[in-house]
Structure formats: structure tokens, C-alpha cells
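Visitor:
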Amino acid sequence: MTTTRYDVVVVGGGVLGTAVAERLARTSASVCLLEAEGDVGEHASKGNAGVAVSYYGGPGTLETDLINASNPFWEELCERLDVPYRRIGGLMVALSDREAERLEHTRAEAAACGVRVRILSAGEVREAEPLVTPDAVAGLSLPDEGIIDPMRLTAAFASLAAVNGAVIRLRERVEAIEHEDDGTSTVITGAGRYRARFVVNAAGVGAGAVSRMAGGDPLVTWPRKGQYVVVDRAFAGALRQIVFCTHLPDTKGINVVPTTHGSALLGPTATDVTDPDDRATDAETIARVVAEAARLVPAVAEAYAIKTFAANRPAGDEPYRLRVDAHVPNLVHVTDRSAGVSISPAAAQYTLDLLQAAGLDAVERPGAHTALPRVPRLRTAPEPERLTEVDPLYGQVVCACEHVSAAEIEAALSAPVPATSIDGVRKRTGAGYGRCQGSLCLAGISFLTAMATGCGPDAVRHTVRGTVGS
Amino acid sequence: MSRLLVVGAGPSGLGCATELARSGGHDVLLIDRVPVAGGESGWDKPEVRDLVRAATGAGVEFRLGAAAAVWTDRRLLLTAPGAIRWVEADHLFYAGGLRPATASDLNIVGERPAGVLPATVADHLLSTGVRLWKRAVVVGDGPWAPHIAERIRGAGGHVTAVGAGSPTWADQVVAGGTGLEVLGSDRVHTLRVVDGTRVRDLVCDVVILASGPLPNRNVDGALAEGAPHVTFVQPLDARGIAPRAQAGRAIAAHWARTNGGNP
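Note that the protein sequences, when read in sequence, are chains B and W. Residue numbers for the first sequence follow numbering that gives the first Met the number 0, so the first one is 0 and each next one is one higher. Residue numbers for the second sequence follow numbering that gives the first Met the number 0, so the first one is 0 and each next one is one higher.
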């Protein structure tokens, strides 16, 4: 097995790993990203509520600093990366006097973080978001909360990294990390050996295992399962803001979050599990999600539920880790329990700073690409009738529910880090995400994916892990 | 002259458009996303050809190979390869056909692995002639179920019907229970049928969702009953070409009577 050499090997293709790879790829350092799954953004970066938060915890933490450093730039970044983002604001709702008191605590904490925040009266809450329950006694307005497509963000980071020369290796689970006498390390997967000056551990829920392999700090990580319900845009279209429940000391609770697709997410729950592959929903929890969401926004009880899903976020003994390992000087940990999307741009810069301070020779590379080509979207184009001038295939609608055209699907299948499964197409375009859940379009998408990946209708991948045929 | 649009050129859309054109005073444009009429019934059936001839004879205009996306302010956004256009009209008849119930519609919980597929998709995939599955579980007895089961069994596969009454098309029949749960992290390997406290595990390599039918709704602005200037032509009970065409004609006739031709 040959060994390839890089300045930095990034372990993990979630939103943080891809963001770090993208940042490094714009410097003179060579970078390789290793992802165990068959696509980037397969775990927590796929299964989250899609909120780029303005506030997540108390002041004076690195996480808060990174949120603050990222938040003002989402519009500019998402424009460059061709990622859907809207700064629609959030509204935290108090349903009792006790919760209203708690809101005041949250207001003070958010204000201390430098976040724009304002207490609203019951009347102002209803005015800001008429769908909120009349039982609301007070609210907290957080105008800098935004909604983002986390899958498109992760795929875009990966694609821009690849465009700038980063090597993205999928289906390569790290099996061992060996340290060499010259201070470098060899990262060994089932398919290759990668000699690296530095190793970035962005393995999310697997970060503990990666650190252990490298002989690093004993990071304790475990999967925390969240269950979600997706509701149709016939309801969600009327929703103006993100509606949060009042954060209590032990939980952030169930929220109602509009998505960039026009649907809304209810959730998440938080249950610690042992198996990172346990992504099963259960009827009792799903019923509870809807009931709790309906306490905030009663109309969700009547809304049409498109689908339910579960995902695991990387819980741990520390809420986040962005630091050089205490034992292994060329190992840098980059993990966050839940705010990975929200810190990703600033965390990538911070990681570069850490690496440079540790001796990485990385200077800005003139001429590096800073943007991806824009792929217009039929559903959201301001003048859809002009899209066929760009590509006649915009007129070929494949996913009827979400109005995704063949042009968008072809772009996803030929991106620098392309979709290689039906699910990968869905992640990048929203095709199959709508109320019929692909009953009209999945066959067509499977044929397009089969052609792009060079396999037959049986061997085409449905998800990154499983094929259509058995 | 009022301008009427019928979206969906399956039997019910063909029947509806023909009736509207015959009732007089209307300009009727029949639209379908695929380049042939017939919808799920198929373009090559003699009964479909008869319905197309009747529509043409009544003066219905066809726009095939164009998908409707948005209905707003009495304008329909029509998309066809190389041409995306707004078409103005007075009223929209939506005959977009039927679909199987989704996992969410059926309250199916558990994992979301590869190999859980809507019946319509399974039908398309099987039509390639490639042998895909050895042990299928078909949930429900919607109109797709018998045909799919026949294809799988014809290729040597085994079919278990769940929650489909007592169909003749399955090798094994299992009652629906109170809940269904999908197991398998890479591919589906089991459908668990829960009935109160009893659990029955059905080992399988595909789960095909064939319950329903439910109406397809995918034109923004024409998603739910009560949408302005929209009539839905999606009979749920009529099965077969002639009954569906008849149901389409009945809906059109009722509309013409109650609206007096004023959309």
C-alpha cells in the first residue's frame, strides 16, 4: 500500500471537517480529508434543524466567540458557496410566568454575549408571529437567527475544498494512527496510508475513538439522538420566524423551525444512546414531538407531516473542543456538541491559526477560488421563465413536489464532490424531500444516478450505504 | 370564452377536459408532464386512445411534456424542456393522479435504510426487467400492489402482504397490527409488525409501500381543498380506465352546472 504525504489530514467530513479542509485548501498547505461514509455530511451535519444561531450559550467561551465571529457573514458566505440562507430571526416563547422569568435570564445572557435581543410582550409575540399560541405570556426576539441548508453547506465546503486542490477521500474509515520519528503521523485506513505533518480530528461522535487511536487526550464522546418531524409547506409557508421554546437549564427543548426548502422541522428530542448507527424513530417520541411543538404553534397539530427522522449529534464530556491535544503535539481536535454549523466558518479560521501556531507553514495562496459556480434553483428563481436560457433542462421537472429540475440534479451529480446516491441527490437538491416522498420521482432519480455512477438499476445506491436492489 | 386548464392527462383528466369542452363556451387546455396521454394507465391502451380521440373531437387542446409547478393569480407556471412559461387561465382542474401513502402517512417508524420504496417507484424499477429483490414485504392493498407482487413472484421472489386484507397475490399474509417499524442500518432487513404487546418480525430485502391511494398534490397554490379557482379531479375510489374517465366527466359536469360556466 503506497503512502501519500500531506501537510494536514482532516479526519471527518461533517460540516466542521469540510470547513477546515476548505480553509486550508486556500493556503499553500496540502490537505486530505478522510470520511468513513460514502458522502460528506452523513451524520450530525445532515440531521440537524438547519439553524445558524446567533446565541447558544453564555459569554466568555470560545464557542460563543466563534458564533459571534461567524454570524455577521452568513449572507456573504452563502452567496459565495451557493447555499440557501435566510436571516429570518427567532422568537423564544414563554408559556408560563416561570418561563417568562427564565426568558429574562436568557435575555441577559444573550445580551452579555453581544447578541441583539429584546423581550416582547404577549401582544408583540402574536404580532411578530401570528401562529404562536395565544397562551404565550412573553417572548424573546433574536433577530439574527437564520435558517440554512446544512447539507448544502457541508457539500459546498467540500466542493470548494476540492476545487482548490484538497483531496476528499470517501469510504475511508480511519483504523490506526501511527507516529513517526520525524514528528509526522501516518493515518491508516482500509484503503490507504496518509503521512501527515498534522492531523485534525473532526470526527464528531467518533472523535473519542480517533483521539484514542492517536494516543491523544481521552475525549469522551457519545451519540445523542434527536428525533424530528418534517411538516409540509402548506403550513410552513405561513411561518415567519423560528419559534423556540424557552430554554430551561437542562434542555433546549422542541422548536418549530422553517427550513430553506419551505417546509418546517419540529424537534429535536435529546436521548443519549450507545450506537451511533441507531437512528430509529419511535411512535411515542414522534407523538411527543408534535404535541410539544403544538404547545408553541397550535396549527402544527393539523399540519401534514411529510416524514420523520432521527440523527445523532456528538455529545461529550466537553461541549466543544478546538485545541491542540495535550499529549500529541500534531493532533488538533475540532468538535462541537450541536453548534457545528453555526461556528463552522470561524472555527475553520481558528483551526488554521492553531495549526500555524503549532508550526504549519501555510500562506494564503493567490488565485485560490473563493466561490462556487451558482446553480439557480427552479423553485426559488425570481424569474423562472428565464432559466431555460441558462440550460434547457431547467424545464424538465423531475421532482414535482419540490420543483427540482433535471438541470439541478445533473449539477449535483457532476459537482466537484458529487452525489453518488439517490439520497445524495436529495441532500444537494431537495428532490424527493416533498410530500410524496419520491413516489413520483425516485425512479427517475435512480436512473439519472445510475447513469452518472455507471451502474445498473439494481446496483445504484439508494442511500450511501445501501443499493436499490439487494 | 373562458380559458380552463386541466393538469393531468390520465383517464380522469381526459374525461374532465372532454366534458368541459363539450359543455361549451370554454377553451380547454389539457396538460401532462410526460409527452403522452394516459397517465398511470399507460398511453398504449385502446381505451386510452379512445379517450384521447374523444377529447380531440370535443376541441380539447393538448400540451404534453409540460409540468405544472405554480398556480397563482390565475396564472400557471408550466415547465417544459427549453421552455418555462406562465399560462393565464380562469380556472384550474387538477387531475394529477394518485400516489401511495408514505411511511409518515402510515406512521411507520424505525430506521430509514435503503430498500424502503413507494409502490410507484418499485413498479418503475421492476419494469427494467432486472431482478431486484428476493423477499419483499408489500404494505397495503393499493392499486399497485397486485401488479408489483406478480412481477416479484414471477422473477422467483417471495412476497408477504401486510395490512392488505386477504389478497390472492401474496405468498404470505400478515395482519397490519397497530404499528410498523423498519429495521436495518444499511439495507432494510426486517419489517417489525407490532400488535399491542406482540411483535412479529418479517425478514425481507425490500419494503414496498402500497397503501392508499392518496391524491398527488404538487402544484403550489393548488395543494389543498379550498384553493382559489381550483377543482380537484382525483377520484380515490374509481379504479380502471373507464370508471376514472367517468368520474372525471362527472366532476366537470358538476362544476359546469354549479358555476354556470362562470369560473
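Each residue gets a CB set at the ideal place from its N, CA and C atoms; glycine is no exception.
Mind checking if Ser210 (chain W) is an interface residue toward chain A, Cβ cutoff 8 Å exclusive?
Guide: No chain A appears in this structure, whose protein chains are B and W.
Visitor: Starting from Asp422 (chain B), follow the alpha helix (DSSP H) in both directions and report where the run begins and ends.
Guide: Where Asp422 (chain B) is concerned, the enclosing alpha helix (DSSP H) stretches over 421 to 428.
Visitor: Please tell me whether Arg194 (chain B) and Arg4 (chain B) are closer than 8 Å, where the distance is taken between their beta carbons.
Guide: Taking 8 Å as the Cβ cut-off, Arg194 (chain B) and Arg4 (chain B) qualify as a contacting pair.
Visitor: By Cβ distance, which residues of its chain are closer than 8 Å to Ala357 (chain B), with the 5 residues on each side in sequence left out?
Guide: Closer than 8 Å at the Cβ level, and outside the excluded window around Ala357 (chain B), lie Phe197, Val323, Pro328, Asn329, Val331.
Visitor: Between B:Arg101, B:Ala309, B:Ala410, B:Asp38, which lies nearest to Tyr227 (chain B) when the distance is taken from Cα to Cα?
Guide: Nearest of B:Arg101, B:Ala309, B:Ala410, B:Asp38 to Tyr227 (chain B), Cα basis: B:Ala309.
Visitor: Can you list, in chain order, the residues of its chain with a C-beta nearer than 8 Å to that of Ala51 (chain B)? Leave out the 5 residues immediately preceding and following it.
Guide: Answer for Ala51 (chain B): Ser69, Asn70, Trp73, Tyr84, Glu144, Gly145, Ile146, Ile147, Val340, Ser341, listed in chain order.
Visitor: Could you check what DSSP says for Tyr55 (chain B) in three-state terms: helix, strand or coil?
Guide: Coil, per DSSP.
Visitor: Identify the residues that DSSP records as bridge partners of Pro313 (chain B): which are they?
Guide: Paired residue(s): B:Pro222.
Visitor: When you measure from the CB of Ile253 (chain B) to every non-hydrogen atom of the ligand GTP, does any distance come out below 7 Å?
Guide: Looking at this structure, you won't find the ligand GTP or any other ligand, since it has none at all.
Visitor: Would you please state the rounded distance, in angstroms, between the beta carbons of Val136 (chain W) and Leu91 (chain W)? I believe it to be under 8 Å.
Guide: Not really, about 38 Å apart at Cβ, beyond 8 Å.
Visitor: With Ala155 (chain B) and Val82 (chain B) assumed to form a contact (beta carbons below 8 Å), what rounded beta-carbon distance in angstroms separates them?
Guide: Indeed they touch by this definition, with Cβ atoms about 5 Å apart.
Visitor: Are the Cβ atoms of Ser11 (chain W) and Ala244 (chain W) separated by less than 8 Å?
Guide: Contact: yes.
Visitor: Between Ile285 (chain B) and chain W, is the shortest Cβ-Cβ distance under 8 Å, so that the two count as touching?
Guide: Yes, because at least one Cβ of chain W sits closer than 8 Å to the Cβ of Ile285 (chain B).
Visitor: Can you give me the C-alpha to C-alpha distance between Asp414 (chain B) and Ala99 (chain B), rounded to a whole angstrom?
Guide: Checking the sequence, you will find Ala at residue 414 (chain B) rather than Asp. If I take the Cα positions, the gap works out to 48 Å.
Visitor: On the three-pair Cβ rule with 8 Å, is the stretch 45 to 63 of chain B touching the stretch 156 to 169 of chain B?
Guide: Contact fails: fewer than three Cβ-Cβ distances are below 8 Å.
Visitor: Can you pull the chain W neighbours of Phe308 (chain B), defined as C-beta to C-beta under 8 Å?
Guide: Those are Arg111, listed as they occur along chain W.
Visitor: Find out if the Cβ-Cβ distance for the pair Leu28 (chain W), Ile107 (chain W) is shorter than 8 Å.
Guide: Against a cut-off of 8 Å, the Cβ pair of Ile107 (chain W) and Leu28 (chain W) comes out as no contact.
Visitor: Can you check whether the CB of Ile30 (chain W) is closer than 8 Å to the CB of Leu77 (chain W)?
Guide: Their beta carbons are under 8 Å apart, which means Leu77 (chain W) touches Ile30 (chain W) by this criterion.
Visitor: Candidates B:His368, B:Gly138, B:Ile187: which alpha carbon is nearest His104 (chain B)'s?
Guide: That would be B:Gly138, whose Cα lies nearest to the Cα of His104 (chain B).
Visitor: Sorted by chain position, which residues of the same chain lie with C-beta nearer than 6 Å to Ala418 (chain B)'s C-beta, five sequence neighbours on each side aside?
Guide: These residues qualify, in order along the chain: Ala411, Leu412, Val424, Arg427.
Visitor: Whole angstroms are fine: how far does the CA of Met0 (chain W) sit from the CA of Gly24 (chain W)?
Guide: Cα to Cα, the separation comes out at about 5 Å.
Visitor: Just how far apart, CA to CA, sit Ala110 (chain B) and Gly225 (chain B)?
Guide: Ala110 (chain B) and Gly225 (chain B): Cα-Cα distance of roughly 28 Å.
Visitor: Please classify Met450 (chain B) as buried or exposed, where buried requires at least 16 other C-beta atoms within 10 Å of its C-beta.
Guide: So Met450 (chain B) counts as exposed.
Visitor: Go to Gly12 (chain W), then tell me how far its alpha helix (DSSP H) extends in each direction, as first and last residue.
Guide: It spans 10 to 21 - the alpha helix (DSSP H) in which Gly12 (chain W) sits, taken as one unbroken run.
Visitor: Is Gly455 (chain B) close to chain W, meaning its C-beta is less than 8 Å from at least one C-beta of that chain?
Guide: Output row for Gly455 (chain B): interface = yes.
Visitor: Can you name the start and end residues of the beta strand (DSSP E) that Pro117 (chain W) belongs to?
Guide: 115 to 117 is the span of the beta strand (DSSP E), which, as asked, contains Pro117 (chain W).
Visitor: Using a Cβ cut-off of 9 Å, which residues of the stretch 79 to 99 of chain W contact any Cβ in chain B, in chain order?
Guide: Against chain B - using a Cβ distance shorter than 9 Å - the residues of the stretch 79 to 99 of chain W are Ala79, Pro80, Gly81, Ala82, Ile83, Arg84, Trp85, Gly95, Gly96, Arg98, Pro99.
Visitor: Name the chain W residues that come within less than 7 Å of Asp38 (chain B), Cβ to Cβ?
Guide: In chain order: nothing, as chain W lies at least about 13 Å away.
Visitor: Determine the chain W residues that contact Leu386 (chain B) at a beta-carbon separation under 8 Å, and present them in chain order.
Guide: Ordered by position in chain W, the residues that pass the 8 Å Cβ test against Leu386 (chain B) are Ile83.
Visitor: Taking the beta carbon of Glu110 (chain W) as the centre, do at least 16 other beta carbons fall within 10 Å, making it buried, or is it exposed?
Guide: The residue in question, Glu110 (chain W), is buried, as its Cβ has 16 or more Cβ neighbours within 10 Å.
Visitor: Measure from the alpha carbon of Gly95 (chain W) to the alpha carbon of each residue in W:Gly114, W:Ala68, W:Pro227, W:Ala102, then state which is nearest.
Guide: The residue with the shortest Cα to Cα distance from Gly95 (chain W) is W:Ala68.
Visitor: Excluding five sequence neighbours on each side, which residues of the same chain lie with their C-beta closer than 6 Å to the C-beta of Arg101 (chain B)?
Guide: Around Arg101 (chain B): Thr245.
Visitor: Could you name the residues of the same chain whose beta carbon sits closer than 6 Å to that of Glu171 (chain B), not counting the 5 residues immediately before and after it, in chain order?
Guide: So the list reads Leu33, Thr188, Ala190, once near-sequence residues are dropped.
Visitor: Could you spell out where the beta strand (DSSP E) holding Ser1 (chain W) opens and where it closes?
Guide: Element bounds for Ser1 (chain W): 1 to 6.
Visitor: Within the 8 Å Cβ cut-off, does His146 (chain W) reach chain B?
Guide: No, no contact with chain B.
Visitor: Buried or exposed, going by whether 16 or more other CB atoms sit within 10 Å of the CB of His188 (chain W)?
Guide: Buried, since its Cβ has 16 or more Cβ neighbours within 10 Å.
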